[in-house]
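Going down the list, the protein sequences come from chains X and F.
First residue of the first sequence: 1, per our numbering; consecutive thereafter.
First residue of the second sequence: 1001, per our numbering; consecutive thereafter.
Glycine is no exception: its CB is placed at the ideal position from the N, C-alpha and C atoms.
There are 2 protein chains.
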Amino acid sequence: MIDARLITLRVFARCGTIGATAELTGYSPSAVSAQLRELQRVLGMQLLTKDGRGVRLTATGRFLVAGSDPLIAQWESLRAAAMEAGDQVQPHFGIGGFSSAAAQLLAPLAATLRSTRPELEVQVLEADPARCFDLLVAERIDLAVIVAMQSDSYGEDDPRFEQTVLLDDPLDVIIPGNHPLASRSSVTLDELASEPWITEAAGSTYHSLFTAAFTAVGVTPRIAHEAVEWETLIAFVGAGLGVGLLPRLAPLHGADNVVRLRITGKGKPARRIVAAVRRGSITSPLIQESLGILQANADRILTARLEEEDH
Amino acid sequence: MIDARLITLRVFARCGTIGATAELTGYSPSAVSAQLRELQRVLGMQLLTKDGRGVRLTATGRFLVAGSDPLIAQWESLRAAAMEAGDQVQPHFGIGGFSSAAAQLLAPLAATLRSTRPELEVQVLEADPARCFDLLVAERIDLAVIVAMQSDSYGEDDPRFEQTVLLDDPLDVIIPGNHPLASRSSVTLDELASEPWITEAAGSTYHSLFTAAFTAVGVTPRIAHEAVEWETLIAFVGAGLGVGLLPRLAPLHGADNVVRLRITGKGKPARRIVAAVRRGSITSPLIQESLGILQANADRILTARLEEEDH
DNA sequence: GATAACCATGCAAAATAGGTGCATGATCGA
DNA sequence: TCGATCATGCACCTATTTTGCATGGTTATC
């Protein structure tokens, strides 16, 4: 119920360029430019200034954007309370999450909602955590599932969002099936210290988890290969190129020559998966229901994962 | 920056009928109907129900309207703060007031603003106090000048408005120029107890002031005639039909055979004139400036009135 | 109990706001 | 200097919104 042009301005405050704002909101750059100009005209405020080949928020613009945070939150809160009090159903629901969450958690959630609320139009967007926050601001999605990142530009206390922990997803070790330890059900990271490791490129979300896990046990692993997708990582391991860490949420789905081992000992790495919503909307019945479904699914998957892969 | 359809819903909550909402907002009834239907569709809430030949808010609708009060206030507050912080100028400014206020206070205010802020488009609407509040809700005007009414449906602490006292406008007595007391400069109400009085129809704003003035001194005046406009009242007095009470703010502008006398004694009736704005907007520089101009003008008129009419 | 007044709404047509795509100009990095 | 990037203006188009009138249902009046 907040004017779309103000939302656009808020997205611009995140992106810094008209083009990126257009991409994120789904408009064309011309439309964003026109919207922001119109916003300035209606409000009688100068919100943007030319800055080199781009534009930049004025002090007034920054002030307005910052001040609009509680406004958005209050609207979300009101909307949620009205939905709850009136037992109403909203027509559209957008959810977003990073790759493994999208596949493992969001897809089942969408399926469940589709059956329990047939009239609800659910849209799922796969996007990395940073983009998920942007999509929340842009109101393209209403709920995001992300991995908690300490180095994130979105703090826990950001006035725009509310976050709740969904689960701590433990990292397992995957090793080739013909590896000497393959018959074990669990290992310690020490036992694999001398193995060639496969990880993601330095700087990625996963890589920081990787290093954190080994610094916890005081071991410096040798990084032999790099992969981006879990699929690739699993294939590398299956080909005997090395060993790797795989979140328990990520499925092996019958990969050849790969076994998953639980990690024991003092280094028990895990990635924290949290759900994020726009502040104020947390009490919405639809979001509450979704959080419940997500958590139930997560628990179910985590407990079932090891059993099903151990035949 | 709040969606126009929510504003329309808020106006409807005041009026109760689509037609009245249309009249107040400036839309056609069909447009209002379509807007409210669209609002329900977008929010996924049922806000209206059929009720006889009209429609009525549902519980959800009432909840939403009540809850939107602080939302509007917060936006107004943010807007005002941004205007102040950024030294910006808004393009449009609507002011409204009842007849004598419109002529005596709003017209000069508009003229002043026109010269000090040439780029500002000022619109003046004459409307009775109740309608002024509705126009504020409908965002047709940003500032209203009204007479404070205890019997008003808009309390002093209404979450939608903020009110500041502009002035206490004393009521003077006007009598025919050939009346025995015409040479006096002031009278008490007791001295005029036996005169035939001219007032407005019972139930009007002015009438309650009239009766309050006389109950304060314990006299029951004889009401001989009724008039609606000050013009008419003055003409009646000039024709020798009786005497009347005239706010000092209302000008005689050279009426024949009429003199204005100050009232002394314990019964010193006055009408309280207050400025009302949407809650949150009181800190807006434009509104602050306007309030200052209004108050200065009011003081100037009040002090000048008696002198100029005493030649 | 019939008639008139009132109220909301559906529909077709018109108006208008808003969006797209391309071209342009300006700026920055190589 | 050249190419890349970015914002914006313009012409065209789309889609939303509004209007005016007609309709159906409801209440008040006589």
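Residue i, buried or exposed, once every other Cβ within 10 Å from all chains shown has been counted against 16
| i | result |
| --- | --- |
| residue 163 of chain X | buried |
| residue 1077 of chain F | buried |
| residue 1311 of chain F | Unreliable positioning characterises residue 1311 of chain F in this predicted model, as indicated by a pLDDT of 48, which lies under 50. A coordinate reading is not provided. |
| residue 1011 of chain F | buried |
| residue 296 of chain X | exposed |
| residue 1228 of chain F | exposed |
| residue 151 of chain X | Legend: pLDDT at residue 151 of chain X = 49, less than 50; position of this residue unreliable, no value from coordinates given. |
| residue 1038 of chain F | exposed |
| residue 118 of chain X | exposed |
| residue 1005 of chain F | buried |
| residue 1040 of chain F | buried |
| residue 115 of chain X | exposed |
| residue 194 of chain X | exposed |
| residue 1200 of chain F | buried |
| residue 1123 of chain F | exposed |
| residue 1144 of chain F | buried |
Bridge partner(s) assigned by DSSP for residue i
| i | result |
| --- | --- |
| residue 262 of chain X | X/186 |
| residue 1093 of chain F | F/1122 |
| residue 1176 of chain F | F/1258 |
| residue 218 of chain X | DSSP output for residue 218 of chain X lists no bridge partner at all. |
| residue 8 of chain X | Residue 8 of chain X pairs with nothing; no bridge assigned. |
| residue 165 of chain X | X/274 |
| residue 57 of chain X | X/48 |
| residue 1147 of chain F | F/1273 |
| residue 1293 of chain F | Looking at the DSSP assignment, residue 1293 of chain F forms no beta bridge with any residue, so it has no partner. |
| residue 198 of chain X | X/225 and X/244 |
Listed by chain order, chain X residues near residue i by CB distance under 8 Å
| i | result |
| --- | --- |
| residue 1003 of chain F | 1, 2 and 3 |
| residue 1060 of chain F | 82, 85, 86 and 88 |
| residue 1006 of chain F | 1 |
| residue 1242 of chain F | Within chain X, no residue comes near residue 1242 of chain F; the closest Cβ sits about 51 Å away, beyond 8 Å. |
Assumed close pair residue i, residue j - CB separation to whole angstroms, cut-off 8 Å
| i | j | result |
| --- | --- | --- |
| residue 1047 of chain F | residue 1057 of chain F | 6 Å |
| residue 1090 of chain F | residue 1294 of chain F | The pair is not a contact, with the Cβ atoms about 18 Å apart (cut-off 8 Å). |
| residue 249 of chain X | residue 169 of chain X | 5 Å |
| residue 97 of chain X | residue 105 of chain X | 7 Å |
| residue 1147 of chain F | residue 1053 of chain F | With 8 Å as the limit, residue 1147 of chain F and residue 1053 of chain F do not qualify as a contact, their Cβ atoms being about 34 Å apart. |
| residue 260 of chain X | residue 190 of chain X | Not quite, the Cβ-Cβ distance comes to about 18 Å (not below 8 Å), so this is no contact. |
| residue 1230 of chain F | residue 1241 of chain F | With a Cβ gap of about 15 Å, residue 1230 of chain F and residue 1241 of chain F do not count as contacting. |
Backbone secondary structure at residue i - three-state DSSP
| i | result |
| --- | --- |
| residue 1207 of chain F | helix |
| residue 1003 of chain F | coil |
| residue 240 of chain X | coil |
| residue 1073 of chain F | helix |
| residue 1171 of chain F | strand |
| residue 1156 of chain F | coil |
| residue 1017 of chain F | coil |
| residue 98 of chain X | coil |
| residue 191 of chain X | helix |
| residue 1035 of chain F | helix |
| residue 86 of chain X | helix |
| residue 139 of chain X | coil |
| residue 134 of chain X | helix |
| residue 1305 of chain F | helix |
| residue 67 of chain X | helix |
| residue 1029 of chain F | helix |
| residue 284 of chain X | coil |
| residue 251 of chain X | coil |
| residue 127 of chain X | coil |
| residue 1041 of chain F | helix |
| residue 279 of chain X | coil |
| residue 1079 of chain F | helix |
| residue 300 of chain X | helix |
| residue 311 of chain X | Because residue 311 of chain X carries a pLDDT of 47, less than 50, the predicted location of this residue cannot be relied on, and the following value inherits that uncertainty. It is coil, neither helix nor strand. |
Chain-ordered neighbours of residue i on chain F, where CB pairs are closer than 8 Å
| i | result |
| --- | --- |
| residue 46 of chain X | 1086 and 1088 |
| residue 91 of chain X | 1041, 1042 and 1044 |
| residue 63 of chain X | 1081, 1082, 1085 and 1086 |
| residue 67 of chain X | 1078, 1081 and 1082 |
Residue i: contacting residues in chain F (beta-carbon distance under 7 Å)
| i | result |
| --- | --- |
| residue 74 of chain X | 1070, 1071 and 1074 |
Within chain X, partners of residue i - CB distance below 9 Å
| i | result |
| --- | --- |
| residue 1143 of chain F | In chain order: nothing, as chain X lies at least about 16 Å away. |
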